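For the sequence shown, full-length UniProt numbering assigns the number 1 to the initial residue and increments by one for each residue that follows.
Virtual Cβ for every residue (Gly too), placed ideally from N, Cα, C.
On a predicted model such as this, the values are computed, not experimentally measured, just so you know.
Worksheet: one structure, shown below.
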Amino acid sequence: MGDAVAEADGGGARTPDPAGRPAGAGPSGAHAAVPDLEDLRGAAHDRAVLAEARVVLARRLGVPPGEALQHLIWLARDMDMELAEAAALVVGARDRGGVPGPEGAAPTGRKAPRAKGADERRAVVTQAEDVLRRVRTEDTADDAEIIAGLPEDPVARAFLDGALDGAAHLIPVRDSGGQVADFLYAELNDLARDLFGRGAEELAGRRLLPTEPGMAMSGLFDAFVEVVETGRRLERASMTYSTAQGGLSRTSRMSVRCVAVPTGLCVSWRYHDDADRQARRLERVERLALLGFGEWDLATGDAEWTPQMLANYGLRADQVPPMPDDLPKVVMDDDLPLVEEAVQTLFSRREPVEAEHRVVGPDGAPRHLWVFAEPVLDDSGLPVSINIVSQDITRRRGIERALAETRRQMLEQQAQTAQERRVAVTLRRAILPDESELDELPGLRVDLRSLAAESTARIGGDWFATRAMPDGRALFAIGDAAGHGLPAAAAMARTRNGLLGLACTGEPTGRLVGWLNELVGHIQPPATGTAVVAHFEPRRHVLEWTCAGHPPPILVRGGLAAPMEVVPDPMLGAVPDWAYGTARIQLRPDDLIFLYTDGLVERRDADLDERIERLTGILAECASSPEPVLDEVLARMEHDRAADDTTLFALRVE
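Printed below as a string of structure tokens:
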């Protein structure tokens with residue numbers, strides 16, 4: 001290859017080193033930029049389509065984006081397709097006209113309830129801290145003496161032993177003026193616990209106000225003093241009590257009973273934490289799940305419905321719930337037979353029923369309710385009351401309708417895409433000649449492999465062309481229209497046919513590619529692509545060629561192989577009015593020119609430069625073999641036919 005020359009406005013082949021590695025080959029090769037960019041664009045496109053599909057489906061279903069993504073995964077699984085393909089179908093269906101969101105769906109979800117009483121609790125903490133600063137915070141020796149000198153009090157003992165709740169024996173502590181300033185815990189029973197969980201071991205012998213500042217804020221302390229001074233008993237049922245310790249507050253409903261005893265007073269209390277907790281849980285369950293509960297008393301004709309039950313049926317809190325006989329009056333006409341049959345089953349068969357029906361909401365929109373009801377029977381088997389539970393499933397039904405419409409649109413889009421793929425396959429077969437139908441080129445032996453992607457979704461725009469020119473030269477070209485499917489096949493057909501028509505002018509390859517660039521740039525819809533176009537003059541063995549963003553040919557000579565050097569030019573359709581250059585190289589008999597499309601070397605999990613270097617090494621090893629070069633290359637490059645089209649050209653100089 002020592003006499004390979006670069007002439008005029010192009011370059012020549014890079015001379016391989018003695019080890020058979022191409023000089024200058026490596027990550028900095030200009031041709032590497034285009035395939036790497038396509039990989040990045042493909043990955044970015046998939047992520048963008050998935051994100052867009054998630055937003056489209058969230059708006060359509062009226063659900064948060066995370067829930068929409070889960071529905072998209074289920075749709076893809078249900079339709080046996082990849083997630084990216086399902087996302088593309090959802091976006092495509094949106095572009096052709098979406099559907100409104102589901103009835104009753106909340107686009108951003110329900111708002112979380114705001115905690116009640118936060119300001120009040122902060123006020124309690126502040127006031128309690130004031131009390132703590134005013135009272136003595138440490139028990140004194142006098143307190144211990146008071147307790148030690150306390151006489152036996154059988155009344156207090158009987159109260160503590162008989163109490164079914166937490167109870168304590170309190171001793172008044174008087175100031176210098178004889179007024180009750182505080183109380184001492186003389187004794188507590190085993191059930192006694194305060195809101196912070198402290199019992200007899202922590203409280204006995206301590207003063208009341210430092211340990212329970214809420215007593216002063218709630219007025220209980222003053223009430224206790226009145227019990228001591230008047231002897232009148234105190235009973236308070238279900239009062240709200242708040243206290244604080246160490247900057248922390250606790251609030252609960254509490255019932256208190258206090259009586260005077262000879263040595264002071266005894267008090268018993270019960271916190272209603274469990275009942276309150278159960279009530280809060282029930283309210284949250286009803287609100288979050290839109291569940292309502294009702295009870296019909298058939299003997300009295302009374303109906304008791306929870307607030308959510310009233311809301312499900314579109315009733316206000318001050319409205320009287322309907323009885324079973326009146327229930328059909330609030331149901332939509334189309335659902336009356338179902339409700340009447342359910343009521344009949346309750347009374348005649350005395351069996352539980354469940355049914356779905358619709359009512360008209362306050363806004364005039366239909367509301368879907370799922371209802372469970374069961375009769376309560378007396379000893380004689382007659383119904384005395386009916387329990388009924390309803391759930392508002394309007395949002396769920398809206399989501400189901402939107403999903404059904406989305407699935408229908410996806411199926412339409414899938415059918416349309418499949419039709420386009422079939423057309424693309426047919427068009428490719430019609431445009432590209434079989435290997436046996438290639439034109440014979442003067443001075444060259446041509447071998448070709450053109451393999452369409454096995455997956456019809458991945459059929460792209462690979463093309464090739466050969467022609468013997470009237471002036472004795474040989475024209476050959478290879479290219480790839482960007483994209484997949486019918487648009488790529490259509491762009492491929494226009495590009496290839498355009499080149500063959502322009503080739504009749506006999507102009508240099510740079511001029512031909514420049515015209516081809518303008519042709520591709522004006523295709524509607526806009527398209528891009530890559531190409532290598534070459535002229536071979538058989539008498540002088542001179543090759544002129546132009547590269548438009550395509551991997552350059554590989555020259556194999558004397559057991560060595562290297563990509564042919566070229567000044568990089570942009571891909572077709574990317575830059576209008578670009579002046580493409582023409583490279584020249586002197587060839588020798590038995591030289592092999594190898595051209596290929598990116599489907600041979602591109603892999604998502606492999607470096608492109610390493611793949612091209614591997615291809616170059618394989619060509620150096622097998623070029624002199626009597627076996628077909630292209631089949632050897634395909635086998636050793638582990639070609640994946642499912643990923644993309646692949647076209648290989650091998651031209652041997654005679």
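Checklist entry - Is the CB-CB distance between residue 684 and P563 below 8 Å? => result No statement about residue 684 is possible, as the shown extent of the chain runs from 1 to 654 and does not include it.
Next on the checklist: Applying the 10 Å Cβ sphere with the 16-neighbour rule, what's the burial state of R270?
Outcome noted: buried
Item to check | Exposed unless 16 or more other CB atoms sit within 10 angstroms - verdict on Q419 | outcome: exposed
Next on the checklist: Using 8 Å for Cβ pairs, my map puts V360 next to M323. What's the rounded Cβ distance?
Outcome noted: In fact, because the Cβ distance is near 19 Å, the residues do not count as touching under 8 Å.
Checklist entry - What residues are listed by DSSP as bridge partners for P172? => result F183
Next on the checklist: Among the candidates N387, A148, D274, whose CA atom is the shortest distance from the CA of G292?
Outcome noted: N387
Next on the checklist: Assuming contact is defined by CB atoms lying nearer than 8 Å, are L651 and F476 in contact in what I supplied?
Outcome noted: yes
Next on the checklist: Residues in the same chain with beta-carbon distance under 6 Å from A223, minus the five sequence neighbours each way, listed in chain order, please.
Outcome noted: L234
Checklist entry - Mapping DSSP to helix, strand and coil, what is S348? => result helix
Next on the checklist: Once DSSP output is grouped into helix, strand and coil, what is the label at R281?
Outcome noted: helix
Item to check | Separation of R401 from E341, as counted between CA atoms | outcome: 26 Å
Item to check | Residues near W463 in its chain [Cβ-Cβ closer than 6 Å; skip 5 each side] | outcome: G479, M492, R496
Item to check | Where R386 sits in the DSSP three-state scheme | outcome: The residue you asked about is not Arg; residue 386 is Ile in the sequence shown. It is a strand residue.
Next on the checklist: Considering only their Cβ atoms, is the gap separating R641 from A453 smaller than 8 Å?
Outcome noted: yes
Next on the checklist: Determine whether the beta carbon atoms of G581 and G510 lie at a separation below 8 Å.
Outcome noted: yes
Item to check | Three-way DSSP call (helix, strand, coil) for G460 in this model | outcome: coil
Item to check | One or two residues paired with H368 in a DSSP bridge | outcome: R358
Item to check | Beta-carbon proximity list for V99, same chain, < 7 Å, skipping 5 on both sides | outcome: Confidence at V99 is low in this model, with a pLDDT of 43, below 50, so its placement is unreliable and no value can be given for it.
Item to check | Simplified DSSP state of D325, which is helix, strand or coil | outcome: helix
Item to check | CA-to-CA distance, D631 to R614, given in whole angstroms | outcome: 16 Å
Checklist entry - Any idea what DSSP makes of V225, helix, strand or coil? => result helix
Checklist entry - Among G178, A200, A181, which has the Cα closest to the Cα of H169? => result A200
Next on the checklist: Going by C-alpha to C-alpha distance, which of L346, N312, A534, L150 sits closest to D325?
Outcome noted: L346
Checklist entry - Do A87 and A58 have their CB atoms nearer than 8 Å? => result no
Item to check | Reference E85, options Q179, L188, V49, closest by Cα | outcome: V49
Item to check | Chain-order list of residues whose beta-carbon lies under 8 Å from that of R250 (same chain, five-residue window excluded) | outcome: L195, F196, S242, T243, A244
Checklist entry - Just the Cα atoms here: how many angstroms apart are G109 and L310? => result In this prediction, G109 scores a pLDDT of 36, lower than 50, which makes its location untrustworthy; no coordinate-derived value is stated.
Item to check | Same chain, Cβ closer than 6 Å to H550, neighbours up to 5 away in sequence not counted | outcome: T530, A531, V532
Checklist entry - Do H357 and V343 come within 8 Å of each other at the CB atom, strictly closer than that value? => result no
Item to check | Helix, strand or coil at S380 according to DSSP, with G and I counted as helix | outcome: coil
Next on the checklist: If contacts are defined as beta-carbon pairs under 8 Å, then L298 and V384 qualify, I think. What distance do you get, rounded to the angstrom?
Outcome noted: 6 Å
Next on the checklist: Going by C-alpha to C-alpha distance, which of L209, V520, D363, A373 sits closest to E354?
Outcome noted: A373
Checklist entry - Secondary structure at P563, three-state DSSP: helix, strand or coil? => result strand
Checklist entry - Can you give the Cα-Cα distance for D165 and Q70, rounded to whole angstroms? => result 51 Å
Checklist entry - Is G294 helix, strand or coil when you go by DSSP? => result strand
Item to check | Inter-residue spacing [alpha-carbon to alpha-carbon] between residue 657 and D598 | outcome: Only positions 1 to 654 of the chain appear in the structure, and residue 657 is not among them; the question remains open.
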